[in-house]
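FYI, my numbering numbers position 130 of the sequence shown as 132, with every residue one higher than the one before it.
What follows is a set of notes on a single structure, which appears directly below.
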Amino acid sequence: MTIESDPSYPAHWEADVVLRDGGTARIRPITTEDAGRLVSFYEQVSDESKYYRFFAPYPRLSDRDVHRFTHHDYVDRVGLAATVGEEFIGTVRYDRIGPDGRPASAPADAAEVAFLVQDAHQGRGVASALLEHIGAVARERGIRRFAAEVLPANSKMIKVFTDAGYQQKRSFEDGSVHLTLDLEPTAESLAVQHAREQRAEARSVQRLLAPGSVAVIGVSRSGAGVGAAALRNLRDSGFRGHLYAVNEAAGQDLLDGVRAYRAIGAVEAPVDLAVIAVPAARVPEAVAACGEHGVQGLVVLSAGYGDSGPAGLARQRELVRQVRSYGMRLIGPNAYGVINTAPEVGLNASLTPAPLPSRGRIGLFTQSGAIGIALLSALIRRGEGLSSFVSAGNRADVSGNDILQYWDEDEATDVALMYLETLGNPRKFTRLARRTAAAKPVVVAKGGRHTPAGLVVPGTRLPEATVSALLRQAGVIRVDTVTELVDVGLLLASQPLPAGPRIAILGNSESLGVLTYDACLAQGLRPLPPLDLTTAAAPEDFRTALAAALASDDCDAVVVTAIPWVGEHALADELAGALRRAVAEAPGKPVAVVHVELAELVEALSATRGPEAAAPAAPDAGSEPVGSLASPVPPAPLAPAGPVPRIPSYPAAERAVKAVAEAVRYGQWRRAAATAGQVPAYEDIDEAGAALQLAGLLAGTDAATVLTLADADARELLARYGIRVLPTLPAPDADAAVRAARILGYPVALKTTAPHLRHRADLGGVRLDLTNEAELRRSYEELTETLGKAAELQPVIQPMAPRGVDTVVRSVIDPAAGAVLSFGLAGVPSELLGDTAHRLVPATDRDAAGLIRSIRAAPLLFGWRGSDPVDTPALEELLLRLSRLVDDHPEVTGVTLEPVVVATEGVSALGATVRVARPPARGDLGPRTLPSY
């Protein structure tokens with residue numbers, strides 16, 4: 003069914019979802035064209051499930067049933083189907099009912115709901131997903147409650163309702179369980195929804211990263227090309243599962259020593275993951291073959307999609323539709339591949355040559371294959387291993403959000419490193435990042451800070467410093483370069499978090515210590531005076547000094563600096579061992595090593611040479627590359643048993659200190675996040691009324707229309723959230739001004755609203771404290787004589803507000819950051835100096851308090867130079883109410899309150915601009931869904 007054939011068809015209800023087992027399904031409205039699918043679906047349902055649905059034996063659907071279940075008005079009667087490959091696997095429907103339980107129309111706000119899921123797909127979370135989506139549809143149509151009758155023996159369906167998190171009532175009547183669900187989202191229902199989403203998406207990634215069998219499609223017989231390279235890398239890296247090669251012209255049983263087939267359908271065993279490396283024109287055929295064979299996931303290495311212009315983007319959209327129609331997930335297209343170093347998996351389905359990177363605690367995600375190569379090379383060169391690696395290419399399906407869901411519960415990953423060009427769904431990314439960062443660091447290098455002409459990476463309207471601050475609010479460690487990404491990741495993966503910003507510095511060069519000291523100050527740290535061990539210091543002197551620093555209560559982290567000795571290689575080996583012994587004795591604080599032109603020490607730290615290396619020997623398979631302190635050294639008599647301490651090393655003081663500073667700031671955030679702020683629930687907020695008002699204002703508009711509300715509409719909408727904007731009345735002439743003042747009451751203000759004079763009191767466009775008619779007429783005459791005719795000035799009359807500090811409060815939807823709440827002082831501080839602070843929406847009480855205190859001009863609010871402190875609690879409440887409005891209603895795309903006068907008691911918003919538009923069809927506020935194409 004298409005919109006063209008049925009204009010009432012609600013296409014925006016269509017959605018792809020990830021089910022509990024990691025597979026996907028499509029949820030869409032049922033149409034008149036689905037009669038055959040419905041009958042076929044019903045025939046595959048067991049007699050028991052039919053009995054539970056109809057409370058009686060019901061072997062087949064009558065023609066009347068089929069007509070009823072496929073004809074809907076999409077208002078009072080709605081049916082949704084979960085489909086895989088266009089075949090129904092589950093259905094849900096609601097019928098609006100009145101207080102008497104009989105069919106009804108609006109304004110009746112209750113509906114009867116019923117489900118049926120094919121037995122082969124029960125336990126996959128189909129009914130839970132359908133409940134989320136039918137609930138969202140019902141709320142959109144003005145339905146506030148669902149009623150359901152369930153047989154007591156149907157425990158699975160009762161659990162679907164009771165586990166949903168909605169407020170509900172339950173009773174036993176006439177032999178059945180009667181359930182009533184309040185569809186208003188609650189904190190519990192959102193938590194349930196997010197938990198289900200996390201488990202499902204994590205499971206879908208786990209199926210891609212830990213397959214039991216892999217087939218590579220597009221392996222050339224000559225051994226050349228991308229497909230053959232991927233096959234060799236899988237084979238030579240020691241993949242633990244079954245491996246197959248697919249080439250339609252295969253004339254032999256083996257290709258590169260791997261069992262070969264002409265088609266994936268000829269493989270006589272299940273295939274969990276397929277790596278596709280054929281030209282873009284042949285990919286649809288390969289995807290169809292994989293879908294028919296029951297493959298669970300794909301890695302598409304082929305290019306020629308969104309990376310090649312509009313025609314390629316259209317192919318990419320069709321590829322995603324095709325992949326999801328079979329219930330599969332997709333990494334790519336134009337992907338570099340995936341790696342999982344788990345010993346029981348050994349997966350290298352990428353273009354990275356064997357051997358497999360060593361096992362480590364870092365998870366790595368990149369959107370760019372080139373950046374992925376650089377990051378892998380840097381980590382391996384510096385001796386760091388990986389838990390998993392995903393280079394998603396065009397990330398048409400699996401994105402950084404999915405990988406975060408997986409890493410959040412992956413015990414093998416301690417640090418998440420991500421190179422992102424966009425944040426995808428910003429609300430969802432910040433929500434996931436905040437949750438993950440509460441347990442493990444999330445470090446992000448983001449491209450697209452400036453978007454050159456011709457590139458499709460979306461930019462942001464916010465300054466870079468602001469984007470960094472917003473990501474930091476969510477616990478994300480934002481770095482500027484891929485080098486910093488590796489530097490910070492190495493420290494976080496091997497060192498404990500510092501308890502504070504106090505940094506001890508010790509080494510054998512006074513100058514290098516001073517450089518490190520300066521770098522600490524530049525990063526906002528509190529360095530202690532450097533301890534100069536002099537150039538005569540021996541390794542044991544380093545050990546003694548480091549052990550003392552680690553044992554001291556005066557510092558939270560240590561930076562060790564080292565310059566070369568003259569021609570004594572053995573000292574480098576001894577120094578590496580000495581530092582490790584000191585850390586092993588007191589392992590509670592982070593340590594970073596700075597080496598300058600000290601290649602011998604670097605080699606010793608990476609264990610590529612040591613005392614035992616005097617004679618040539620075969621390379622040790624366990625040895626690690628340059629830049630790591632992870633590899634063994636000859637044991638010291640006092641060294642404790644257990645794993646050898648790992649210490650990151652850096653070739654410059656600034657890089658080491660930057661990594662330490664990021665760890666300090668992350669530790670501070672994590673400790674603060676342990677006591678979460680609250681989003682207040684104000685009882686006077688009229689969320690339903692605001693929703694109805696917005697629906698009315700946007701009726702008849704298209705998705706591209708952005709409306710700037712009339713002043714009266716803006717004041718009404720804001721008032722529903724307890725934000726009062728002082729009324730204004732037009733004053734096209736002096737007599738109108740006098741009448742307006744009588745209505746509002748003296749004293750009043752006379753203001754121009756012309757765009758070039760608005761909020762420009764310095765140009766004389768505002769007259770304040772007019773207490774009578776004579777003053778008002780005189781001011782009106784002066785205004786028009788000085789600045790121009792009334793028609794140009796557009797004067798208005800407004801009641802006077804108490805004197806205070808003029809501020810400006812804004813909220814916007816930014817393409818890179820999502821919904822953002824902003825605050826600053828009105829006029830020069832924010833407009834000229836950029837002294838504006840930002841927080842992500844929804845803001846908590848802690849966010850609001852921090853927001854007003856984080857601008858440089860904040861002292862003006864707190865009694866600067868003997869002035870009276872203003873009512874900051876009232877200002878914080880205003881910020882929180884605006885945050886709630888924007889968070890509750892994604893239709894609100896922008897709000898500006900200017901000026902907001904903060905007095906010693908209370909706040910007064912003197913002007914408001916509100917912009918609204920139709921929200922995206924699906925967002926992070928609705929039921930869980932995959933991005934649509």
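All residues carry an ideal CB built from backbone N, CA and C; glycine is no exception.
Model, not experiment: these values are computed from the prediction.
Compare the beta carbon distance of residue i and residue j with 8 Å and say whether it is the shorter of the two.
i       : j       : result
Pro-797 : Leu-785 : yes
Gly-939 : Trp-671 : The structure shown has nothing for residue 939, since the chain only spans 3 to 935.
Val-843 : Val-888 : yes
Gln-318 : Asn-396 : yes
Leu-434 : Ile-333 : no
Pro-801 : Leu-880 : no
Val-285 : Val-302 : yes
Ala-140 : Leu-185 : yes
Thr-438 : Leu-406 : yes
Ala-655 : Thr-483 : no
Gly-823 : Thr-809 : With the sequence shown as reference, residue 823 is identified as Leu, and Gly is not the correct amino acid for it. Not a contact, by the Cβ cut-off of 8 Å.
Tyr-338 : Val-207 : no
Val-194 : Asp-165 : yes
Can you check which of these residues, the options, is closest to residue i by C-alpha distance?
i       : options                               : result
Gly-127 : Ser-173, Ser-222 and Ala-27           : Ala-27
Tyr-421 : Ser-360, Val-596, Ala-129 and Val-445 : Val-445
Val-179 : Leu-245, Ala-230, Ser-130 and Phe-57  : Phe-57
Ala-116 : Glu-88, Asn-156, Ala-110 and His-69   : Asn-156
Ala-131 : Leu-118, Arg-143 and Glu-142          : Leu-118
Gly-975 : Thr-809, Pro-804 and His-758          : Any answer about residue 975 is impossible in this case: the structure gives the chain only from 3 up to 935.
Ala-919 : Glu-900, Val-903, Val-814 and Trp-866 : Val-814
Leu-63  : Ser-48, Tyr-44 and Arg-55             : Tyr-44
Leu-577 : Ile-857, Pro-105, Leu-527 and Asn-510 : Asn-510
Pro-734 : Ala-793, Asp-715 and Ile-375          : Ala-793
Ala-231 : Ala-283, Ala-291, Pro-355 and Ala-290 : Pro-355
Thr-838 : Val-830, Phe-825, Glu-907 and Gly-829 : Phe-825
Arg-930 : Lys-442, Ile-725, Thr-537 and Asp-404 : Asp-404
To the nearest whole angstrom, what separates the beta carbons of residue i and residue j, a pair I think is in contact under 8 Å?
i       : j       : result
Thr-846 : Gly-698 : About 31 Å; that fails the 8 Å criterion.
Val-916 : Val-897 : 5 Å
Glu-413 : Arg-242 : Actually they are not in contact, since the Cβ atoms of Glu-413 and Arg-242 sit about 19 Å apart, beyond 8 Å.
Ile-505 : Pro-529 : 5 Å
Would you kindly work out how many angstroms separate the C-alpha atoms of residue i and residue j, rounded to a whole number?
i       : j       : result
Glu-486 : Arg-657 : 7 Å
Thr-773 : Leu-183 : 57 Å
Leu-494 : Arg-264 : 47 Å
His-295 : Val-277 : 14 Å
Asp-18  : Arg-39  : 19 Å
Ile-364 : Leu-552 : 26 Å
Thr-33  : Ala-83  : 10 Å
Phe-544 : Asp-870 : 55 Å
Ser-513 : Leu-377 : 32 Å
Glu-386 : Ala-380 : 9 Å
Arg-143 : Leu-728 : 34 Å
Thr-707 : Pro-12  : 19 Å
Val-221 : Gln-120 : 38 Å
Ala-676 : Ala-440 : 8 Å
Val-662 : Val-598 : 18 Å
Asn-235 : Gly-229 : 10 Å
Decide if residue i is buried, meaning its Cβ has at least 16 other Cβ atoms within 10 Å, or exposed.
i       : result
Asp-771 : exposed
Gly-624 : In this predicted model, Gly-624 has a pLDDT of only 32, less than 50, meaning its place in the structure is not dependable; the value taken from the coordinates is given anyway. Exposed, by the Cβ-count rule.
Asp-36  : buried
Leu-21  : buried
Ile-29  : buried
Lys-161 : exposed
Leu-523 : exposed
Ala-313 : exposed
Tyr-684 : exposed
Arg-780 : exposed
Leu-882 : buried
Lys-753 : buried
Thr-368 : buried
Verify the CB distance criterion: does residue i have a CB-CB separation below 8 Å to chain B?
i      : result
Arg-66 : Absence of chain B from the displayed structure is noted, only one protein chain being present.
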